[in-house]
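Q:
Number of protein chains: 2
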Amino acid sequence: MSEKIVIIGGVAAGPKAACRVKRLMQDAQVTIIDQDTLISYGGCGIPYYVSGDVSDESELRATSFHMVRNEDFFRNAKGIEVLCATRAVAIDRQNRQVRVQAVDGGQERDIPYDKLMLATGSQPFVLPIPGVDLDGVFTISNLHRAIEIKRRIARGMVSKAVVIGGGAIGLEMAEALTDLWEVETTVVEFMDQLLPRIVDFPMAAMLARHMRDKGVTIHLGEGAAEILGEDGKVTGVRTGKRILECDLVIMAAGVRPRSELARAAGLSVSPQGAIVVNERMQTSDPAIYAAGDCVELRHLISGKKIYAPLGSLANKEGRVVGDNMAGIPSTFKGALGSFIMKAFDVCIGATGLSLDVALAEGYDADVALTAPSDRAHFFPTEAIVCYQMVFDRRTRKVLGLQGFGPMGDGISARIDAAAAYLAMGATIDDFANLEMAYAPPFSAAIDSINAAAYVADNLCDGRLRKTSIQSFLDWMDDFSRQPDWVALDIRHPAEATPFVAKYGANCWHALPYNEVRSRYQELSADKTMIILCDAGTRSFEIQSFLDSVGLTNTLVLSGGFNVIRRIGVDWYPEGS
Amino acid sequence: MSEKIVIIGGVAAGPKAACRVKRLMQDAQVTIIDQDTLISYGGCGIPYYVSGDVSDESELRATSFHMVRNEDFFRNAKGIEVLCATRAVAIDRQNRQVRVQAVDGGQERDIPYDKLMLATGSQPFVLPIPGVDLDGVFTISNLHRAIEIKRRIARGMVSKAVVIGGGAIGLEMAEALTDLWEVETTVVEFMDQLLPRIVDFPMAAMLARHMRDKGVTIHLGEGAAEILGEDGKVTGVRTGKRILECDLVIMAAGVRPRSELARAAGLSVSPQGAIVVNERMQTSDPAIYAAGDCVELRHLISGKKIYAPLGSLANKEGRVVGDNMAGIPSTFKGALGSFIMKAFDVCIGATGLSLDVALAEGYDADVALTAPSDRAHFFPTEAIVCYQMVFDRRTRKVLGLQGFGPMGDGISARIDAAAAYLAMGATIDDFANLEMAYAPPFSAAIDSINAAAYVADNLCDGRLRKTSIQSFLDWMDDFSRQPDWVALDIRHPAEATPFVAKYGANCWHALPYNEVRSRYQELSADKTMIILCDAGTRSFEIQSFLDSVGLTNTLVLSGGFNVIRRIGVDWYPEGS
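These protein sequence lines map, in sequence, to chains B and V. With the first letter of the first sequence counted as 1, position 305 gets the number 983 in the working numbering; the numbers rise by one all the way through. With the first letter of the second sequence counted as 1, position 205 gets the number 883 in the working numbering; the numbers rise by one all the way through.
(1) List the residues of chain V whose Cβ lies closer than 9 Å to the Cβ of cysteine 722/B, in chain order.
(2) What number of angstroms, rounded off, separates the C-alpha of aspartate 1108/V from the C-alpha of serine 1008/B?
(3) If you draw a straight line from the C-alpha of alanine 1122/B to the C-alpha of serine 1032/V, how long is it?
(4) Just checking my contact of valine 815/B with valine 728/B at CB under 8 Å: how many whole Å lie between their CB atoms?
(5) Relative to the C-alpha of serine 1126/B, which candidate in Ser990/V, Ala1028/V, Ile1245/V and Phe1082/V has its C-alpha closest?
(6) Does the Cβ-Cβ distance between threonine 633/V and leucine 855/V come in under 8 Å?
(7) Touch check for the segment 806-821 of chain B and the segment 920-936 of chain B: three-plus C-beta pairs under 8 Å?
(8) Does lysine 911/V come within less than 8 Å of chain B when only Cβ atoms are used?
(9) Which word fits threonine 1029/V, buried or exposed, when buried means at least 16 other C-beta atoms lie within 10 angstroms of its C-beta?
(10) Which of helix, strand or coil does DSSP assign to methionine 1003/V?
(11) Within 10 angstroms of its Cβ, does glycine 1182/B collect 16 or more other Cβ (buried), or is it exposed?
(12) Helix, strand or coil for tryptophan 1153/V? Go by DSSP, reduced to three states.
(13) Identify the residues that DSSP records as bridge partners of lysine 838/B: which are they?
(14) Less than 8 Å between the C-beta atoms of alanine 1043/B and valine 1076/B, yes or no?
(15) So, does the CB of isoleucine 758/V fall closer than 8 Å to a CB anywhere in chain B?
(16) Inspect the beta-carbon positions of isoleucine 825/B and glutamate 735/B and report whether they are closer than 8 Å.
(17) Let's test the definition: count the other Cβ atoms within 10 Å of the Cβ of glutamate 1252/B and tell me whether it reaches 16, buried, or not, exposed.
(18) Below 9 Å on C-beta distance, what does alanine 690/B contact in chain V?
(19) Rounding to the nearest angstrom, what Cα-Cα distance links isoleucine 1018/V and tyrosine 1198/B in this structure?
(20) Following the continuous alpha helix (DSSP H) through lysine 828/B, name the residue where it begins and the one where it ends.
(21) Entirely within the segment 724-787 of chain V and at least 3 residues each: give me those beta strand (DSSP E) ranges in chain order.
(22) Would you say arginine 701/B faces chain V, with C-beta separation under 8 Å as the test?
(23) Cβ closer than 8 Å: which chain B residues qualify as neighbours of threonine 1029/V?
(24) Compute the distance between the beta-carbons of glycine 1086/B and aspartate 1052/V, then report whether it is under 8 Å.
(25) In whole angstroms, what is the alpha-carbon distance linking threonine 1105/V and aspartate 1155/B?
(26) Taking 8 Å as the cut-off, decide whether the C-beta atoms of valine 1063/V and glycine 1081/V are in contact.
(27) Please list the segments of the beta strand (DSSP E) lying wholly inside the segment 1195-1236 of chain V, counting only runs of 3 or more residues, in order along the chain.
(28) Could you check if lysine 982/V is buried or exposed, using at least 16 other CB atoms within 10 Å of its CB as the buried criterion?
(29) From this set, Asp1139/V, Arg833/V and Leu1224/V, which residue's C-alpha is nearest arginine 1195/V's C-alpha?
(30) By a C-beta neighbour count over all protein chains shown, 10 Å radius and 16 as the cutoff for buried, is glutamate 1219/V buried or exposed?
(31) Measure from the C-beta of tyrosine 985/V to each C-beta in chain B and report whether the shortest distance is under 8 Å.
(32) Classify lysine 919/V as buried or exposed, calling it buried when 16 or more other Cβ atoms lie within 10 Å of its own Cβ.
(33) Aspartate 1143/B CB to nearest chain V CB: under 8 Å?
(34) For glycine 989/V, which three-state DSSP category applies?
(35) How far does the beta strand (DSSP E) with histidine 897/B in it reach, from first residue to last?
(36) Output the distance between the C-alpha atoms of aspartate 1167/V and asparagine 1231/V, rounded to the nearest integer angstrom.
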């Protein structure tokens, strides 16, 4: 008798598991149940559909060979039955059957299973504030809502939008609205930076600056308190500080696992509501698997349980479910939360732990912030990129890497290589010798990821003493915060002189990099010298030298002016 | 008393070690000796200098902050003494001194050392054929020769060129000559493919096709037998098959380690002439280090000793030398030979072992050839990329990865991630779940590297039975080679029908992918069906299904028409 496989959820993990298990056991009866009429779509593509990069929603549901993945496709090409517009009401584990009902009502019926998979996904978190039900308030929850957003914009019904939430989806939507449609868009983020917990301050600050330059208004440290409306339609968003007029609100405040069915069936569910699975993606009932946005995963660095609702993980987990249902003991060991995002002309990516998270997790964590060339500096397409490598001082393990640079695949290359290494427990020393493929059009002989590890190595061994961008900006904001600091600007005199002119020699001392060895006697050890250059590399050299002549009261500004410029400040001297 | 550090060789590993050790021990006396007047240059940038992408040779010698790395720079900025135009004549290990002589003659003198480093690099291999001394025959050996090549081209002295050698440098030079200068360029490669041992046939064939499309003439399996000349000037190259007229010859037939000094000093040198070092880059004399193109390394996959003269490795090794000279026990564990190259509008990269090399090394090696989308297939910048994952059937270890695709950093991302994983001994199963950062502008939810691992997994477990591109091309060349084969074309009828019309139903059977489940009774088990689609993915699905209905006599064409099209064939039906 052929095995009965039932899968609840037809977006990412579900169809992947269904197709895999069917290929492995062609005689199995595989059934997918989904409450929606549209299934197996690329949800991560929604911002690009709204922006117009993807012209029709059916492209998000099409295969690479241009067939739309609907019920007919699954039946004819895959031999899989799909019950759309059908809700799974309950799981009867004892009798191994799922009670279902058509979404438009009608009789309930039971579908028997030998093995069941829960791929119930996530639902957007809706803030508990007044006005969320007003017409014009959207979550990015499914393709229907996306179609409606695009319809409204295309018809000229949207001139101002507010995005609540400065995470990836919110920012991608902000770009989509601004870039193609020229909707006046404001992002409101409750935390004091964009992409909180995913990247650290300097990265988030560079991103915010770029998005502002592109016309997106961003309010940080500001929560939405109420959505305002008239005649049932949204008219604005009130924050603690202001009222933002708008005719569209995108609520992008994160997602929560959909686990009601699992909980009601008595399966283990985490306090945060995610279904608990083992490495073979089995729930607490071995006949029931779960994968995708509804499950809890193990973080490959911290070892702790995390919730990482990412489409790429869902697909991998789905394949592992398919394998195990067919008797192949594949495992999914966990996740790093690798992330990447396009924002206008830049991209930002991260893998592993951010510094904030690593410190909160109790690591003896520190960070190497660098701003080198992304390829041979003599190659015409060279550009500056910024990397932030998070590491643990005690074990020398690398905990994470963040990157910010021009739009392209260069950041991916470093983030992905780091992810592979992190999954294997690599140390700073491994990263120092990571063999990135080199030719001048692609990388530098010492790749930016190696260079970041070099900085981490010097920090870890106490050879490099630094201050952070944040501390430096604070000082520039108010010199009295660090009254014993003085800038030591080792850049070319053409760059340094305007700063000396503006801030005075007491505050800003200039001594060119290649003259320090012959003129260091001009320097005084009375104050803490903050050594400044473009990337931080020359500053470290100078710190080493000054140490050797007894001028040890120095700190290097990590990342240097390359990062400062990208964050944007208002204290540059005129004309510099 | 300050330590005396002497470094012989001032291009890559030498200066890197010098700067590092000086930073770590500011009181050390560090001296670099080089026979050339130009030092510390990016030799890998020479093709881009010749092409004009880099306008002036000094850019190859400049720092990212635009200082030229000459003797003054090293003295003033780094505190390092450089003796240019000075040849190291001999090493007196007993008395720890190096005998040197100015290149223009003059007195020999001894320079004492406490620690010595050999960074003597490599020299181009000059074929033992007549005519190599003719005016107009160049190796890419140093910046002076590059300057002279560019001078001749810029003055219109070169209209036709022959490049001897189809390795990376030869091909980069061929592009440089053709692309900007429109020199009629012919590449002659002795082996039957470009980039032999670095990539396997399908990859090399796609590269050759692209370069030919861009105007480079390529003769494979053809060695240069003689360089012809008149009045001392080159006029042509005679191969076994033809005479190629030219006024410039680039000899790019590989390089050999420069180890005469080491050998004369009694240090261990490999049979191939590379200096033997341990993981701390020490030679057989613990006071003498060596790094860069003159040393032998351990291959991180095979464990065997290899010669990998790559600028990126030289720099990393140099830093390890600097560390160890200063008492930090850093190690350099070996290399994978990661490689990447731009060729006009495409790039090609590889890391680890090629299939050819893996088989020669005795692995139970096989290969997964794939041709997926490089990012979400609905994203506008999507393109097809081709990957070849080499693996060992017995251990399921991945041995190498090769990639071919549009110029950009997308291939780097996969090759570099693979390199990190390979260095850690990753298996097919690790690659299947490698967490590549995902968003539609950057990758597919199932990244191409995961997809390659999926194919490898199916191959390794015997679920996927395939034939190779080479075997298929042979069959198309002469059907009698495999008289029991028949093509089963599952592509869209619009694609398949012209093939059926041209080759006849006995030879070419068409049955669309999504109709196989309902029409498989039309198929016969008499012949071996070669299942054909664009990428190979659908073909595997169909093979699985046909197995389940007893039609087991099938093979999947790995890589499918996506690879075939990129290799280019003359047997396409007209108008298809």
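Ideal Cβ positions, reconstructed from N, Cα and C, are used throughout, including at glycine.
A: If we stick to the structure as given:
(1) As a first step, residue 722/B is located in the first sequence; it is residue number 44 there, counting from the start. Ala1054, Tyr1116, Ala1117, Pro1118 and Ala1123, listed in chain order.
(2) Within the second sequence, numbered from 1, the residue matching residue 1108/V stands at position 430. Within the first sequence, numbered from 1, the residue matching residue 1008/B stands at position 330. Straight-line Cα distance between these residues: approximately 10 Å.
(3) Locating residue 1122/B in the first sequence gives position 444, where the first residue counts as 1. Locating residue 1032/V in the second sequence gives position 354, where the first residue counts as 1. Rounded to whole angstroms, alanine 1122/B to serine 1032/V spans 24 Å at the Cα level.
(4) Here residue 815/B corresponds to residue number 137 of the first sequence, with the count starting at 1. Here residue 728/B corresponds to residue number 50 of the first sequence, with the count starting at 1. The pair is not a contact, with the Cβ atoms about 15 Å apart (cut-off 8 Å).
(5) The residue labelled residue 1126/B in the question sits at position 448 within the first sequence. The residue with the shortest Cα to Cα distance from serine 1126/B is Ser990/V.
(6) In the structure as shown, chain V begins at 679 and stops at 1254. Residue 633/V is therefore absent and cannot be evaluated.
(7) yes
(8) Stepping through the second sequence from its first residue, residue 911/V is reached at position 233. No, lysine 911/V does not count as interfacial toward chain B.
(9) Taking the second sequence and counting its residues from 1, one reaches residue 1029/V at position 351. Classification of threonine 1029/V: buried, given that the 10 Å Cβ count is 16 or more.
(10) Stepping through the second sequence from its first residue, residue 1003/V is reached at position 325. Methionine 1003/V: helix per DSSP, three-state reduction.
(11) Here residue 1182/B is taken as the residue at index 504 of the first sequence, counted from 1. Answer is exposed; the Cβ neighbour count stays below 16.
(12) Here the question's residue 1153/V lines up with position 475 in the second sequence. In this structure, tryptophan 1153/V counts as helix in the three-state DSSP scheme.
(13) Numbered from 1 along the first sequence, position 160 holds the residue referred to as residue 838/B. Per DSSP, Glu862/B.
(14) Mapped onto the first sequence, residue 1043/B falls at position 365. Mapped onto the first sequence, residue 1076/B falls at position 398. Against a cut-off of 8 Å, the Cβ pair of valine 1076/B and alanine 1043/B comes out as no contact.
(15) Position 80 of the second sequence, counted from the start, is the residue given in the question as residue 758/V. No - not a single Cβ of chain B is within 8 Å of the one on isoleucine 758/V.
(16) Here residue 825/B corresponds to residue number 147 of the first sequence, with the count starting at 1. Here residue 735/B corresponds to residue number 57 of the first sequence, with the count starting at 1. In this structure, glutamate 735/B lies closer than 8 Å to isoleucine 825/B by Cβ.
(17) Here residue 1252/B refers to the residue found at position 574 of the first sequence. Flag for glutamate 1252/B reads exposed.
(18) By one-based count along the first sequence, residue 690/B stands at place 12. Under the 9 Å cutoff, chain V gives Ala1123.
(19) Residue mapping note: residue 1018/V aligns to position 340 of the second sequence, counting from 1. Residue mapping note: residue 1198/B aligns to position 520 of the first sequence, counting from 1. When rounded, the distance between both Cα atoms is 43 Å.
(20) Taking the first sequence and counting its residues from 1, the one referred to as residue 828/B is at position 150. Looking at the DSSP string, the run of the alpha helix (DSSP H) that includes lysine 828/B is 821-832.
(21) 759-761, 764-770 and 775-780
(22) On the first sequence, residue 701/B is found 23 positions in, with the first residue counted as 1. Chain V, which has a Cβ nearer than 8 Å to the Cβ of arginine 701/B, makes this yes.
(23) Position 351 of the second sequence holds residue 1029/V. By Cβ distance, chain B contributes Glu1113 and Ala1115.
(24) On the first sequence, position 408 is the one that residue 1086/B refers to. On the second sequence, position 374 is the one that residue 1052/V refers to. It is not a contact, given that the beta carbons lie outside the stated cut-off.
(25) Here the question's residue 1105/V lines up with position 427 in the second sequence. Here the question's residue 1155/B lines up with position 477 in the first sequence. Between threonine 1105/V and aspartate 1155/B, the C-alpha separation is close to 52 Å.
(26) Mapped onto the second sequence, residue 1063/V falls at position 385. Mapped onto the second sequence, residue 1081/V falls at position 403. Result yes, Cβ atoms of valine 1063/V and glycine 1081/V sit closer than 8 Å.
(27) 1206-1210 and 1232-1235
(28) On the second sequence, position 304 is the one that residue 982/V refers to. When all chains shown are included, lysine 982/V counts as exposed.
(29) Sequence index remark: in the second sequence, residue 1195/V carries index 517 (1-based). Nearest C-alpha to arginine 1195/V: Leu1224/V.
(30) Stepping through the second sequence from its first residue, residue 1219/V is reached at position 541. Classification of glutamate 1219/V: buried, given that the 10 Å Cβ count is 16 or more.
(31) Here residue 985/V corresponds to residue number 307 of the second sequence, with the count starting at 1. No, because no Cβ of chain B sits closer than 8 Å to the Cβ of tyrosine 985/V.
(32) Within the second sequence, numbered from 1, the residue matching residue 919/V stands at position 241. Lysine 919/V should be labelled exposed.
(33) Within the first sequence, the letter at position 465 stands for residue 1143/B. Contrary to the premise, residue 1143/B reads as arginine rather than aspartate in this sequence. Closer than 8 Å: no.
(34) Position 311 of the second sequence, counted from the first residue, corresponds to residue 989/V. If DSSP states are grouped into helix, strand and coil, glycine 989/V belongs with the helices.
(35) Your numbering for residue 897/B matches position 219 in the first sequence. Note, histidine 897/B: beta strand (DSSP E), 895-898.
(36) Stepping through the second sequence from its first residue, residue 1167/V is reached at position 489. Stepping through the second sequence from its first residue, residue 1231/V is reached at position 553. One C-alpha to the other measures close to 15 Å.
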